[in-house]
Structure formats: C-alpha cells, structure tokens
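Below: the structure, in structure tokens.
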Amino acid sequence: MMREVAITVENLTVRFKDALVLHNVNLNVFKGEIFVILGGSGCGKSTLLKHMIGLYEPEKGRVIINGIDVINADEDKLKRLRKDIGMLFQSSALLGSMTVYENIALPLKEYTGLSDDTIRRLVKIKLAMVGLSGYENHMPSELSGGMKKRAGIARAMALDPTILFFDEPSAGLDPITAAELDLLIKNINNGIGTTMVIVTHELESIFNIAHRVIMLDKEEKGIIAEGDPYTLRKESKDPRVRNFFNRHIPEHLYQTT
Amino acid sequence: MSSNGFGFDIKGLSEGELIICLSGRLSVDHLDKMLLFIQDLFSRYRLSSLKIDLKDVTYMDSAGALFLIEIDRESKNRNILCEIINLKKEQKGLLELIDRDAYEKSFQETKKTGLNFVEYIGYGLINFLDDMKNVIAFIGMLIIKIVSSLASIKTVRWDDVLVYMKKSGVDGLPIVGLISFLLGLIMAFMSSLQLKQFGANIYVPALLAIAMIKELGPIMTAIIVAGRTGSAFAAEIGTMKVNEEVDALIVMGFDPIKFLAVPKVFAVMFVMPFLTIFSDLFAIFGGFIVGVLGLDLTVHTYIQQTLKAMNIFDITTSLIKSITFAVLIAGIGCQRGFEVKNSAEEVGAATTSAVVSALFIIIFVDSMFAVVLSYIR
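Top line first, the protein sequences correspond to chains A and B. In our numbering, each residue carries its 1-based index in the first sequence increased by 1178. In our numbering, each residue carries its 1-based index in the second sequence increased by 26.
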C-alpha cells in the first residue's frame, strides 16, 4: 500500500551569503510518521526546517506541503496551508506581551469565526492536553523552560494542524522534562495521527520516538543517511553515521600523545 | 625559598648541556618571573641540550604548562634538544590536554588588515546608501499596509493602538510639557533682552507664538517622541526578533508589519498632533509667565497679541508636519527593530540608530517643508 506523502522537498539548494549550506536535498515525509532530521553542529538541519515551513526562500528547489508550494502558492492556498501546520520554536517563541491564554487563542481568533466562549473552551482543552491547565493567565516570562515548550506546543496545535514541526524541542531541558516532552509528542502522534517533523540531536529522544530519520552532513551539504535509527546505528557502512549514533569521537580528533 | 614560591637550580653537566631543577609552584602567580627566566636562560647560556627536572614541583597549572611549552618552543627554534623529565601523572595529563599544533598555528593567523581612509569612506557611503534604500522601501511598504488596513478596518489591532497611544502620548505629556514650558520661558526672556532696547516688548508674545507653532513645536515634540517612542519600538520589535517571536507570527500566517508596525504607527499618528498642540500651549504659557511677571505686559495684552499672531494656515501646516514626523519616527523605529537578527548587541544598536536616524530625517523633512511652504505662501 503506497503511503501518502505529506511533505516533499525537491532539489533544495540553500546559500547564506556566499557559503553553500544545502545542495540538492530531496526527501519525502509520509503522513502520520515521526520524521527526525539530525546531524552534527552546523550541518544545516535548522536551516532545512525553516525552509520547509516557508520562512526563507531557497536559492533553488521547492517544498510542497499537502500539495501546496510553500513559497510560490497564491495567498488563499498559503492561508490554508498556515492553518494546517504548526511549529514549536527552539525558544518556544511565545509572544512575551500576551498571556498563555492569549498566545494560544491568537490563531483561533484569527482563523475561526468562533465565539469568545467557544474559544475559551478550546484553549482550555489544549492546555489540558499538554498538562498546563490553570496557567491561562501566566505571562511567558513566568514559566519555566519546560512549561514554555508545552505552551508553545499548545499554540502550535491550536487549529489541530495535520503537520507539526519541532526545532530542537529538548534543548535546554533536564532529562526528565525532556522525556515527558517525548511522551507528549508520541501521544499526540498516536492519538491524532499528526505528522511530525523534528530537528534534534538528542540521541535519547531519537531512539525513543523517531519512526524514520535522515542525517545531514556539513561537508556533504545534504543527506548522508536515511532510515530507522536502530538499524543505522548497527548496520550503517558510513563511519560518520555510526560515530553519531554511538557517540563515538572520530579517530582523527583524538590527541596524539 | 617559601613553599609558595617558584625556584630553580641550574646544574651544568658538560659542554652546552644543562639540567634545570624546578621546584615549588609553577603557577600563574609566578608567570612573569617564569617567562623572564626563559629569556634570561637562552641569552646567558650557549646550549646544545636542556633537561628540565620537575621532581620538586609541588603544583602546576596551565600557566605552568605554558611555561614548559614556551621553553620547548624556544629550544626548538634554536635547535636545542629539550627534554622534560620526572613528570607526575597529573602534570603529564595537563600537558596532553593542550593541542600544541593548534596553539602554534594560532600565532600564524594574519592580522586583519585595516581599511585605509579612502576605503573607509567608500564603505561608509555604500552602507549609507544601502541603508537609505532599505528605510525608503520599508516606509513605502508600511504606507501600503496602512492604506490596506484602513480598507479592512476590523483587522487592525485597535487594542494595541490604544496601548501605544497611552505609552507614547499620555506618558510623554509631562516631559513634552516641561521642556516646552522652559523653552517658552527662555525664548521670551532672551528675546526681550534685545527687544527691550527698542521698547518693543509688545512683540514677544507674537514672536513666541509664531516660532512655536510654525517650527519649534513640531520639531521639539518630534525630537522627544523619537527619543522616547522611536527607541522603544525598535527595542521591542528587535527583542521579538531575537526571541523568534516574529518568525512564529510568520509561521502562524500573520503579516509582521500589519501585526506589529501598523498599530504603532497609527498610535503615534493620532497622538503627535495633540502633543504638538500641548507643546505650543505650554511654551506660550512659559512666555506668559515671563511676559506678565517680568516684562510688564498685562494678561490681556499678552493673550491678545498671541491670538493676533496665530493663523489657520500656520496651525494646519504645523499639524500636517507633526503627522508626517509621526509616520517617519514610528516607521524608522519599527524598521530598525525588524533589522535585528539574533543578538542583544544588535538590539542596542537598533535602538540608538532608530533615534539618530529619526532625528536626521526630521530635520531634513522639516527643511523640505520650509522650502515648499515658502512657495505656497
């Protein structure tokens, strides 16, 4: 049975100033899968993510989400697309001048014609889904790192999008909070079937939640591996891939004594 | 030698061969002495080989490691054989931690060549023109969004407009009032010093009213608003950019200019004319105090002379000026904020630039007004 494709990245080439960051990257993300983009520092994974959600325009190539070209589609289609995706930023990017309630209600007020009372109930449900019930009137600056991320997820899920993007969700979190976040992501994926695209380099998370991963490499400026993380760790013929999954420092970086 | 000091004992073995027994602490407290020792050593002795014995060394930190590395380096440069013996395990570990090659290489980095004067001016000019292009483009875009917002009035974030109206208008009233009052006092006083000689004090109220309404009212208010509000807008939007809040708005499908900039510009546009009128009134009041208390003008005379000097044309152009300044101040403040990418330092620079650029543009546009108005009259 052919799996339905949610996201297609075609021949993506990205250049910052004069440096080539990504070159001819091609990939597909299937509906309902947890797809992880990983790689060493500076390999371009956050850049790839930001191009996938249409924040930046690439030098060449295109990104198609649910049949809509994220850069070139006309305004109506783009508006439809924006309702269908949500993103958790690394710093959670909650609007600092608004309460948690107002942050989550923002997309609801903008895109639905629902009454204030209905919106209140929807917001409370989202908060209950991420374990933040009761925090409606807190300002983002009053929340801990983990709580901010949860609020960010609640906001990303406000319109029940079919695709969620996460930029380094475990960054800056203690191991327990990170594990709780992994569980939340898995539960959302199991419960609602949301497609998830996650950029991370936390091995624990990757082995815990990824259905399929791709590995980017700084020198290759593209994908050097793809597949199930456990398989890649055991069987990959590429030393860079094996080193990454086994947390193994490459030979040439050892000090000669 | 105390146990905290650093000591050395030099024993010559044979021709050109030397053993140095180091003792005590090879630490950062003695780094100066240690480096001097090295200079001394190579200038005083002709050596072919060197042994450094560390068995009496009680403590070594990275300064001590530096000392040993430098001795080794100097020896290699002079083709002297250098050997370090009797290292304890921790000392060996410390030395191994240092990537010698990278350390050597870091001295070979070529210094950045500075720009000569002509290049400096060239780059400065290019950056200035580039910047002007960006500001003009942004203000153009802003005006388009303002007009399109007025077309769909319900989409404007009026709550935000009210918040900014309070911050830029109501909160700015004390300082605008105070400075204008003092300005009025000073102007009335200084001009009277000259006019008194001709018995022409009667002209002071008119002079003050005309100067304030036509020029000083709009400019003083614009300068104060640029300092208070232009900087605040740049800082607020700049910080939002650093926190990825602007990216989040874009991903959620909001237009950051409509969401963040348009409410701010509307607020300042509504508020500036009122602030300007207040500025005029407070200045006239300052002159009033001087006139009635110091210049023997009656209350009635002062007020009558002031009213005689006012006319609709001046008042109207003054308000048009203030609205134009409002768009420019708020526009530049927002533009500088949007230019910030990802560091706190950029936010500071953007804030400063918002004020300075606004001041330049205000003066420039004011001169344009002066020229245009002189032809209309």
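Using N, Cα and C, we set each Cβ at its ideal position, and we do this for glycine too. All values reported here derive from a predicted model rather than from experimental measurement.
Residue i to residue j, Cα distance in whole Å?
i          : j          : result
ARG70(B)   : GLU122(B)  : 30 Å
LEU1337(A) : MET278(B)  : 10 Å
TYR1442(A) : LEU1321(A) : Past the edges of chain A, shown from 1179 to 1435, lies residue 1442(A), and the structure says nothing about it.
TYR129(B)  : LEU92(B)   : 10 Å
THR1434(A) : SER53(B)   : Note on THR1434(A): pLDDT 47, under 50, position unreliable in the model; the coordinate value appears next. So the two alpha carbons sit approximately 25 Å from each other.
HIS1316(A) : SER1275(A) : 11 Å
LEU1226(A) : ASN1281(A) : 26 Å
LYS1326(A) : LEU1351(A) : 11 Å
PHE1313(A) : ARG1298(A) : In the sequence as displayed, the identity of residue 1313(A) is Tyr instead of Phe. Whole-angstrom Cα-Cα distance: 13 Å.
ILE1243(A) : ILE1249(A) : 10 Å
ARG1181(A) : GLY1309(A) : 32 Å
LEU1190(A) : GLY1371(A) : 27 Å
LEU219(B)  : LYS347(B)  : 31 Å
ILE1303(A) : SER1311(A) : 8 Å
ASP1395(A) : GLY1217(A) : 6 Å
SER178(B)  : TYR1289(A) : 16 Å
SER1219(A) : GLY119(B)  : 28 Å
VAL1241(A) : ASN1204(A) : 9 Å
MET27(B)   : GLY33(B)   : The predicted position of MET27(B) is uncertain, since its pLDDT is 44 and thus under 50; a value taken from the coordinates is nonetheless stated next. Each residue's alpha carbon lies about 7 Å from the other.
ILE1366(A) : ILE1212(A) : 11 Å
LYS37(B)   : LYS77(B)   : 10 Å
ILE388(B)  : VAL297(B)  : 17 Å
MET1374(A) : ASN103(B)  : 59 Å
HIS1209(A) : LYS1223(A) : At residue 1209(A) the sequence reads Lys, which differs from the His that was named. Computed Cα separation, rounded: 20 Å.
ASP66(B)   : ASP125(B)  : 27 Å
ASP1254(A) : ASP281(B)  : 14 Å
Give me the residue from the options with the minimum Cα distance to residue i.
i          : options                                    : result
THR350(B)  : PHE68(B), GLY42(B), HIS56(B), ALA248(B)    : ALA248(B)
VAL325(B)  : ALA380(B), PHE314(B), ASN269(B), LEU208(B) : PHE314(B)
GLY203(B)  : ASP185(B), MET246(B), LYS180(B)            : MET246(B)
GLY305(B)  : ILE201(B), LEU107(B), ILE147(B), LEU80(B)  : A small correction: the amino acid at residue 305(B) is Ser; Gly does not occupy that position in the sequence shown. Taking only the C-alpha atoms, the option nearest SER305(B) is ILE201(B).
ILE236(B)  : ILE310(B), LYS290(B), ALA260(B)            : ILE310(B)
LEU176(B)  : ILE276(B), PHE292(B), MET266(B), GLY359(B) : PHE292(B)
SER40(B)   : ARG104(B), ARG72(B), ASP58(B), HIS56(B)    : ARG72(B)
LEU242(B)  : PHE308(B), ILE329(B), THR255(B)            : PHE308(B)
ALA352(B)  : THR255(B), LEU208(B), LEU275(B)            : THR255(B)
PHE395(B)  : GLY225(B), ASP340(B), GLY374(B), ALA375(B) : ASP340(B)
PHE300(B)  : SER217(B), LYS192(B), ALA214(B)            : LYS192(B)
ILE1215(A) : ILE1402(A), ASP1416(A), LEU1300(A)         : ILE1402(A)
ASN112(B)  : VAL83(B), ALA89(B), GLU96(B)               : VAL83(B)
LEU354(B)  : ILE45(B), PHE280(B), MET167(B), MET238(B)  : MET167(B)
ILE250(B)  : PHE215(B), ALA226(B), SER206(B)            : SER206(B)
Go ahead and pull the three-state DSSP assignment for residue i.
i          : result
MET394(B)  : helix
ASN1206(A) : strand
VAL187(B)  : helix
HIS1201(A) : strand
PHE280(B)  : coil
ARG1420(A) : helix
LYS37(B)   : strand
CYS47(B)   : strand
ARG1390(A) : strand
ASP125(B)  : coil
THR342(B)  : helix
GLY1405(A) : strand
ASP1395(A) : strand
VAL366(B)  : coil
VAL294(B)  : helix
GLY166(B)  : helix
GLY1400(A) : strand
GLN331(B)  : helix
ALA384(B)  : helix
PRO231(B)  : helix
PRO289(B)  : helix
LEU321(B)  : coil
PRO244(B)  : helix
VAL202(B)  : helix
In terms of DSSP beta bridges, what is residue i paired with?
i          : result
ILE111(B)  : ASP79(B)
GLN1191(A) : Before going on, a small fix: residue 1191(A) reads as Thr here, not Gln. In the DSSP output, where bridge partners are listed per residue, THR1191(A) has LYS1238(A).
ILE1376(A) : VAL1214(A), PHE1344(A)
THR1186(A) : ASN1206(A), ILE1242(A)
PHE207(B)  : Looking at the DSSP assignment, PHE207(B) forms no beta bridge with any residue, so it has no partner.
PHE32(B)   : GLY50(B)
Along chain E, which residues have their Cβ under 9 Å away from the Cβ of residue i?
i         : result
GLY279(B) : Of the protein chains in this structure, namely A and B, none is chain E.
Which parts of the stretch 1227-1305 of chain A are runs of the beta strand (DSSP E), unbroken and 3 residues or longer, counting only runs that do not cross its ends?
-> Entirely contained in the stretch 1227-1305 of chain A, the beta strand (DSSP E) runs reaching 3 residues are, in chain order, 1238-1243, 1263-1266.
Any chance you could list the alpha helix (DSSP H) runs of at least 4 consecutive residues sitting entirely within the stretch 51-97 of chain B, in chain order?
-> 57-70, all fully within the stretch 51-97 of chain B.
Tell me the start and end of each unbroken alpha helix (DSSP H) in the stretch 1302-1371 of chain A that is at least 4 residues and wholly inside, in chain order.
-> Unbroken alpha helix (DSSP H) runs of no fewer than 4 residues, entirely contained in the stretch 1302-1371 of chain A, are found at 1323-1334, 1353-1370, following chain order.
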